[in-house]
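Heads up, the thing below is written out as C-alpha cells.
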Amino acid sequence: MKWSSYFIPTLKEAPAGAEAISHQLLLRSGLVHMLTSGVYSYLPLGLRVLSRIEGIIRAEMNAAGAHELLMPALHPLDVWQQTGRDKTLEDVMIRFKNKKGADMCLGPTHEEIITDLVKSFVQSYRQLPVTLYQIQTKFRDETRPRFGVVRACEFIMKDAYSFDTDEEGLKKSYAAMYQAYNRIFARCGLKPIIAEADSGAMGGKVSHEFLVPAPIGEDKVKDEAGVEHVAIEVGHIFQLGTKYTEAMSARYLDESGKQHPIVMGCYGIGVSRLLATIIEAHHDPKGICWPAGVAPFEVEVLPVQVSDVQAMSVAKSIYDGLTKQGIDVLMDDRDESAGRKFNDADLVGIPCRVTIGKRGLLEGKVEIKDRTTGVVEAVPLDDAMRHVIGIINGKNESAGQIS
RNA sequence: CGGGAGAUAGCGCAGCUGGCUAGCGCGCAACGUUCGGGACGUUGAGGUCGGGGGUUCAAACCCCCCUCUCCCGACCA
C-alpha cells in the first residue's frame, strides 16, 4: 500500500476531550473517528487492526471447536420478555417501535436470541454439545460512555455460547473457551489477569474475567500479595447453567427419552475494546508500538526523499520484493519533510521500518528499525530483504508463543 | 443519574470588567527556496463565535432556556 494514495489522516495534536492515552493515539493515528459520544467509525488503518484481531479470534475459536454464525442486531422485544431481561437490561437497551407498532430493540447481547435459535434445531442429546459464536455489533445505551472505544454505545463483540447436556459437559466446554481466551489475548500481545468474578445480570454460578491492567481501567483486581490493579475487562466467560434454557424451554431428550433443559455457557470478548487496550499496553511517548500479531502492516518502507531517484528505486524494489513474499507493506511515498514522515511512522507504530536515504545509500546501506525496541541497524542493500523477513519471522514467532 | 469543566475556521487555542470589520498556531491551496526527526518566505481560501430567547445604541463577551462533549462518582459486560 502506498501512503500517498491511502487514507491515514494523522493528527499532530490530540483533539480536545481525549484524555486517555489510547483514545488520543486512536484519534491521532487516524484509526477511528467519533460520530457522537460512544459511537465511532473505524478508518481504514483501524479496520485493518480490527480485522487482524478478529482473525486471531476466529482462528482460536475454530480451533477450540466453536462454529461461527451471525445473528441479527435487530430484535423483537418479546424474545427478551421470555426471560425478563427486557426489564433487567431496560437501562441499556435501545428500544423503539417499528411501523407495525411492535416493540423492537437493538441487541445489547445475545443469550436470548441464540437460545431461541438453538431451541428450534436441537432436540436430542445426540446434537450436543455445540458451541456457536459470532463477531457482531452490540448496542448499549451507556449512561456515561468513556475513553473512546473502551466503553461505547455501539461496539464490536465476539460472543460465544456453548450448549451441553449436563454440568460436566459445560465444564469441558468452558475449559476449552478458557484456553482459547488465553491464546487469543497472548497473540494480541496482552497478559490478562484472570479473576473469578461476579456474574451480575448474566446469571449463573461460575464466571471468570480477563483483565488487562491499565490506568484507565474500570475494574479493580487483586491476585498477587494484595496488590490492587486497575484493569480493563477484555473478556468475560460464564457458566450460565439453565437460567435461559429453562426460561425459554430449550430442552433435549436424553437416552431414556427424558426431557432436560440444555446447560449453557457464554463467552464474551470486547473486540473493539481490545483495540484500545492493546494501545494502552503498547505505546511510548512517540506513539503506538503494535505487537506483530495485530499490526495494520508488518513493514513500513520509508524513502526519506521522494525526489531522490536512487532512494525511490531502492524503496520500490524493497517494497515490491516484500509484497511478493506476501508481507503487508506500507510505503510512505509522500512528498513530505523527513521529520514529518518519521514522526508519523512512530505514531502509527508499524513494527518494522526500513528507511532509505542518501546517508545510508552512500555506504550502500538502508536502516532497519524495530519500533518496539527502538534498535536501529544499518544493513547492506542486498541483505535488506532477508533481514526484514528475519525480524518479521522473529516477531511472529514470539507473538505465537503462549506462556 | 448526582457533581465539575467546556463548546470560537478541518485540528489546537486566545479573545479581560460589552466597542470585533473576530484573531493566533497547525493544517489546507499556489509560487519560490529547502530536504535524515513535524523546514522557511510570500500570497490566499476557510467562521450562522453550539442553538434559541432576552438586556443594550452596540453581545463571542452580560442574563435565561435548551443541545452537545469531556472528567469524577453511582451504575453497569
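Heads up, the first sequence is in this note's numbering, so the first residue is 1 and it goes up one at a time.
Virtual Cβ for every residue (Gly too), placed ideally from N, Cα, C.
Values in this document were obtained by computation on a predicted structure and should not be read as measured data.
Check: Tell me whether F7 is buried or exposed, calling it buried when 16 or more other Cβ atoms sit within 10 Å of its Cβ.; Outcome: exposed
Check: Can you round the beta-carbon distance between I53 and C188 to whole angstroms, since I take them to be within the 8 Å contact cut?; Outcome: 6 Å
Check: Here's the rule: buried if 16 or more other CB atoms are within 10 angstroms of the residue's CB, otherwise exposed. What is Q134?; Outcome: buried
Check: Output needed for I327: all residues of its chain with C-beta closer than 7 Å, excluding positions within five of it in sequence on either side, in chain order.; Outcome: E298, V299, I392
Check: Mind pulling the beta strand (DSSP E) runs of 3 or more residues that sit fully within the region 103 to 191?; Outcome: 103 to 106, 130 to 139, 154 to 164
Check: Return the chain-ordered list of same chain residues with a C-beta closer than 7 Å to the C-beta of K395, the five sequence neighbours on each side being excluded.; Outcome: A292, P351
Check: By DSSP's criteria, G235 is part of a beta bridge. Which residues make up the other side?; Outcome: F210, I269
Check: Express the C-alpha separation of A18 and I262 in angstroms, rounding to a whole number.; Outcome: 45 Å
Check: Tell me the DSSP secondary structure of T373 in three-state form.; Outcome: coil
Check: Identify the residues that DSSP records as bridge partners of S41: which are they?; Outcome: H33
Check: Please report the distance separating the alpha-carbon of R371 from that of S41.; Outcome: 26 Å
Check: Indicate whether G203 and G241 have their beta-carbon atoms separated by less than 9 Å.; Outcome: yes
Check: If you compare alpha carbons, which of D335, E377, M385, L381 is closest to V405?; Outcome: The requested residue 405 does not occur in the structure, where the chain is confined to residues 1 to 403.
Check: Which two residues bound the contiguous alpha helix (DSSP H) that contains A311?; Outcome: 309 to 324
Check: Is it the case that the Cβ atoms of V354 and I318 are separated by a distance below 9 Å?; Outcome: yes
Check: Quick one: complete beta strand (DSSP E) runs, 3+ long, within the region 50 to 76?; Outcome: 74 to 76
Check: Please list, in chain order, all residues of the same chain as G46 whose beta carbon is under 6 Å from its beta carbon, the five residues on each side excluded.; Outcome: L31, V32
Check: For L302 versus D332, is the C-beta distance shorter than 9 Å?; Outcome: yes
Check: Mind pulling the beta strand (DSSP E) runs of 3 or more residues that sit fully within the region 335 to 361?; Outcome: 352 to 356
Check: So F147 packs on A20, CB below 8 Å; how close in whole Å?; Outcome: 4 Å
Check: Using 8 Å as the threshold, is the region 226 to 235 in touch with the region 83 to 98, meaning 3 or more CB pairs across them?; Outcome: no
Check: If you draw a straight line from the C-alpha of S403 to the C-alpha of F185, how long is it?; Outcome: Low local confidence applies: a pLDDT of 46 at S403 is under 50, so the model's placement there is unreliable, with the coordinate-based value given in what follows. Whole-angstrom Cα-Cα distance: 11 Å.
Check: Looking only at its own chain, which residues have a Cβ that is under 7 Å from the Cβ of M34, when we skip the five neighbours before and after it?; Outcome: Y40
Check: What residues in its chain sit with their C-beta under 7 Å from that of L89, if we drop five residues either side in the sequence?; Outcome: P108, A201
Check: Distance, Cα to Cα, Q179 vs V379?; Outcome: 41 Å
Check: Quick one: residues in its chain with C-beta nearer than 8 Å to the C-beta of E68, no 5 flanking neighbours on either side, listed in chain order?; Outcome: R58, M61, N62, L132, Y133, Q134, I135
Check: Can the beta-carbon of V118 be found closer than 9 Å to that of R273?; Outcome: no
Check: Sorted by chain position, which residues of the same chain lie with C-beta nearer than 6 Å to K2's C-beta, five sequence neighbours on each side aside?; Outcome: M331, D333
Check: Would you tell me roughly how many angstroms separate the C-alpha atoms of S166 and K258, rounded to the nearest one?; Outcome: Correcting the residue type first, residue 166 is Asp in the shown sequence and not Ser. Between D166 and K258, the C-alpha separation is close to 13 Å.
Check: Please tell me whether I237 and G270 are closer than 9 Å, where the distance is taken between their beta carbons.; Outcome: no
Check: If you drop the 5 nearest sequence neighbours on each side, which residues of the same chain put their C-beta closer than 6 Å to that of Y161?; Outcome: I114, L132, C266
Check: Which residue from E397, Q239, R144, D335 puts its Cα closest to that of S5?; Outcome: D335
Check: What residue range does the beta strand (DSSP E) around I194 cover?; Outcome: 193 to 196
Check: Pick out whichever of I56, T10, Q82 has its Cα sitting closest to the Cα of S249.; Outcome: Q82
Check: Is V304 buried or exposed, if buried means 16 or more other CB atoms sit within 10 Å of its CB?; Outcome: buried
Check: Looking only at its chain, what residues have a beta carbon closer than 8 Å to the beta carbon of T323, apart from the 5 residues adjacent to it on each side?; Outcome: V329
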